[in-house]
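**Student:** Our numbering runs 122 ahead of the 1-based position in the sequence shown.
Let me give you the structure first, and then I'll get to my questions.
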Amino acid sequence: MVFAGILLLGIVVYPLIRILLQSLTYDRQFSFRNYVEAVSDKDFLMSLQNSLFISFFSMVGAVISGSFFAWVVGRTDVPFKSFFRTALVLPFIIPPFVGAIAWMQLLGPVGYINAFYKNITGSSTPLWNVYGPDGIILLLVIHLYPLVYINMLGSLERMNPELEEAAQMSGSRIFSVMRRITLPLMLPAMASGAVLVFIMAIANFGIPAILGFAENYYVLTTKIYEAITRSARPNSLSLAAAISIILAIVAAGGLLFQRFYIAKKEYAVLTGKSMQPNIIQLGKHKYWICAVCFLFVIITSVAPLIAIILTSMTRVYGLPPTLSNLTFQNYYDVFFLNLTVKRSIRNSLFLSFTAATVISIFGSLIAYIIVKTRVRGRYIIEIVSNVPYALPGTVIALSMILAWLKPLPIVGIRLYNTIWILLIAYIAHYLAYGVRATSASLSQIHESLEEAARISGAGRFRSFRDIIIPLILPGLFAGWFMVFIPTLRELTISALLWSTRNETIGVMVFNLLESGNTVASAALAVLMITVLVFANIITRKLTGGRTGY
């Protein structure tokens with residue numbers, strides 16, 4: 123208990139206090155001037171407006187597409203349902219900034235589709251340029267609609283079918299039943315998914331950075347990045363802290379709304395029993411809907427992957443992908459000749475493996491305190507361990523900069539500009555994954571097992587080691603991979619905390635793209651996608667399909 127409290131104070135509470143104090147400090151004095159400057163700054167207000175704009179329309183697009191495909195897979199007789207069940211989640215596996223790079227190859231100014239359009243029409247302007255707010259919204263919808271899809275699909279398949287059956291027996295038609303019965307009952311699940319999409323959209327850095335910087339289109343996350351890395355203002359860190367607190371309030375407010383308000387709106391239509399939901403017979407329309415599903419998968423997953431693979435094999439960026447222009451030389455140059463890339467791969471594997479291992483151990487300890495003990499303060503520990511999960515990565519990164527910018531007192535060790543500050547930030551941000559995975563397993567272990575161990579003379583530590591740990595191993599493995607996968611593809615935190623010799627794969631993909639080496643960036647992105655797909659397959663195999671995408 124004491125150890126868990128001290129560790130949480132060091133990696134979570136102290137950094138968050140530092141960012142709050144920094145936002146209230148101006149010229150070394152307590153002041154709200156940073157907030158006043160922020161809300162009176164035209165650029166900040168525009169970035170706030172842009173954030174709300176793209177987050178709202180991303181949410182709308184994700185809810186519409188996610189709900190439709192959840193209904194198709196969960197409640198209709200459309201062919202190839204098992205294939206669509208998995209294929210429709212693929213965009214969420216691909217890192218969002220990698221997805222942005224892939225779509226640049228399709229619909230950028232010299233992208234394949236725009237180049238083809240110019241060749242057949244003779245036009246000097248592209249069909250559509252993916253850069254700017256409309257492209258950002260499209261990419262966020264593609265990346266985040268699976269959140270609504272997964273949420274809705276689970277509810278649709280577990281929903282008690284009796285109300286729908288009663289309505290159909292009363293003479294109501296299929297779409298009338300959907301409009302009057304199914305949709306209202308699914309509103310809580312839909313709203314929950316919508317809030318998650320809004321929060322993740324407003325916290326996203328990679329997509330707005332890649333598609334927005336070129337058009338001078340800023341959102342809150344990229345505004346914070348600019349204030350930290352590019353601003354010449356003397357109070358840039360304090361201003362960035364103020365903007366971060368505002369962003370954190372918006373994100374945390376959305377999560378609180380989801381947890382407390384939407385939870386109260388849940389209707390008693392879900393059962394713990396395995397019930398066969400009503401399967402709607404679509405007749406001849408099922409083939410049209412099947413074609414729509416295939417087309418959607420091709421557009422959102424297959425085409426971008428093909429585009430980024432072709433780009434990674436092109437001799438010079440911008441050349442058409444003919445056989446004479448394709449080569450594997452880019453892969454050789456990136457993985458064998460570029461020492462920085464090789465170092466970034468080692469760094470990312472080290473950070474992901476270590477963060478996942480530490481979180482599995484530390485998270486199981488916290489989960490045990492929360493679920494299996496009655497000590498005072500356990501609910502505070504639960505809240506503190508979950509807070510970083512609710513905060514955007516830019517907020518976590520800035521809090522770490524402010525907390526560890528100066529050497530540690532007494533020992534004089536400097537964490538800033540080292541790989542250890544990245545590790546601490548990863549552990550803090552993804553700690554909730556490990557706690558939740560282990561808590562779910564612990565809650566299924568009956569207290570009688572521990573009581574029997576104590577009667578036999580075993581202490582709490584021994585019973586935890588010999589009884590609890592073996593029983594929660596599946597949950598620990600699930601939690602380990604659920605940390606390993608997102609940390610391996612992480613960009614937002616790393617973009618603000620990396621330093622020379624401490625680059626990560628995500629940072630290298632971003633930096634190579636920013637420096638104009640698009641083919642090398644694409645080659646490294648293909649490697650990242652490959653590793654993530656295999657890691658996801660392993661996760662599903664180890665957990666029997668309960669974890670992973």
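The beta-carbon is built from N, C-alpha and C at its ideal position, and this holds for glycine as well.
(1) Let's test the definition: count the other Cβ atoms within 10 Å of the Cβ of F206 and tell me whether it reaches 16, buried, or not, exposed.
(2) Using a beta-carbon distance below 7 Å, is N539 in contact with chain C?
(3) What would DSSP say about Q403, mapped onto helix, strand or coil?
(4) Kindly indicate which residue of A562, A325, L278 has the alpha-carbon position closest to the one of L305.
(5) With DSSP as the reference, label T495 as helix, strand or coil.
(6) Please determine, among E348, S246, I420, the residue with the shortest C-alpha to C-alpha distance to S169.
(7) Hey, quick one: how far does the alpha helix (DSSP H) through P201 stretch, first residue to last?
(8) Kindly indicate which residue of F178, D163, L635 has the alpha-carbon position closest to the one of V317.
(9) Short check: CB of F191 to CB of L212, under 7 Å?
(10) Any contact between the segment 325 to 333 and the segment 258 to 268? By contact I mean 3 or more CB pairs, one from each, below 8 Å.
(11) May I ask you to report which of helix, strand or coil DSSP gives T444?
(12) Under 7 Å between the Cβ atoms of A512 and A559?
(13) Tell me F152's beta-bridge partners as DSSP assigns them.
(14) Once DSSP output is grouped into helix, strand and coil, what is the label at T540?
(15) Is it right to say G375 is buried, meaning 16 or more other beta carbons lie within 10 angstroms of its own, or is it exposed?
(16) Check the C-beta distance from F214 over to L613 and give it rounded, since I have them as a contact under 8 Å.
(17) Can you name, in chain order, every residue of its own chain whose Cβ lies under 7 Å from the Cβ of V672, other than the five neighbours on each side?
(18) By alpha-carbon positions, which one of I371, K203, N338 ends up nearest to I321?
(19) Here's the rule I'm using: 16 or more other beta-carbon atoms within 10 Å means buried, otherwise exposed. How should H314 be labelled?
(20) Going by alpha carbons, who is nearest to W602 out of V557, A373, G254, L530?
(21) Measuring alpha carbon to alpha carbon, tell me which of A547, F175, I467, R352 ends up nearest P137.
(22) Give every residue of the same chain whose Cβ lies closer than 6 Å to the Cβ of G515, excluding the five residues on either side of it in the sequence, and list them in chain order.
(23) Residue range of the alpha helix (DSSP H) that P248 falls in?
(24) For the alpha helix (DSSP H) that P596 lies in, which residues bound it at each end?
(25) Which residues bound the alpha helix (DSSP H) around R197?
(26) T622 to F458, Cα distance in whole Å?
(27) What span of residues does the alpha helix (DSSP H) with K240 cover, start to end?
(28) Would you say T373 and S145 are within 7 Å of each other, going by their C-beta atoms?
(29) Please identify the residue among W542, V319, L129 whose C-alpha is closest to the C-alpha of L269.
(30) How many Å lie between F154 and I502 at the Cα?
(31) Would you call W225 buried or exposed, if buried means 16 or more other Cβ atoms sit within 10 Å of its Cβ?
(32) Start and end of the alpha helix (DSSP H) containing Y253?
(33) For A478, which residues from the same chain have a beta carbon less than 6 Å from its beta carbon, with the 5 sequence-adjacent residues on both sides left out?
(34) Under a Cβ-count criterion, where at least 16 other Cβ atoms within 10 Å of its own Cβ denotes burial, should S298 be classed as buried or exposed?
(35) Starting from M630, trace the alpha helix (DSSP H) both ways and give me its first and last residue.
(36) Within its chain, find whatever has a CB closer than 7 Å to the CB of F166; leave out the 5 residues flanking it on each side and keep chain order.
**Tutor:** Considering the structure as presented:
(1) buried
(2) The displayed structure is made up of one protein chain only, and chain C is not part of it.
(3) coil
(4) Of the candidates A562, A325, L278, the residue whose Cα lies closest to the Cα of L305 is L278.
(5) In the three-state DSSP reduction, T495 falls in the coil class, being neither helix nor strand.
(6) E348
(7) Careful: P201 lies outside any alpha helix (DSSP H) and carries neither H nor E.
(8) F178
(9) no
(10) yes
(11) coil
(12) In this structure, A512 keeps its C-beta atom at 7 Å or more from the C-beta atom of A559.
(13) F152 pairs with T147.
(14) coil
(15) exposed
(16) Not really, about 15 Å apart at Cβ, beyond 8 Å.
(17) Any property of residue 672 remains undetermined from this structure, which presents the chain solely from 123 to 671.
(18) I371
(19) Here residue 314 turns out to be Ser, not His, going by the sequence shown. Buried: at least 16 other Cβ atoms inside 10 Å.
(20) V557
(21) A547
(22) T614, I615
(23) P248 -> no alpha helix (DSSP H), and no H or E assigned at all.
(24) 591 to 610
(25) 164 to 197
(26) Cα to Cα, the separation comes out at about 19 Å.
(27) Where K240 is concerned, the enclosing alpha helix (DSSP H) stretches over 234 to 243.
(28) The sequence as given places Ala at residue 373; Thr does not occur at that position. No, these two residues do not count as a Cβ contact at 7 Å.
(29) V319
(30) Each residue's Cα considered, the two are about 29 Å apart.
(31) buried
(32) Looking at the DSSP string, Y253 is not in any alpha helix (DSSP H), and its letter there is neither H nor E.
(33) W602, V605, F606
(34) exposed
(35) 627 to 636
(36) In chain order, A160, K345, I365 place their CB closer than 7 Å to the CB of F166, counting only its own chain and leaving out the 5 sequence neighbours on each side.
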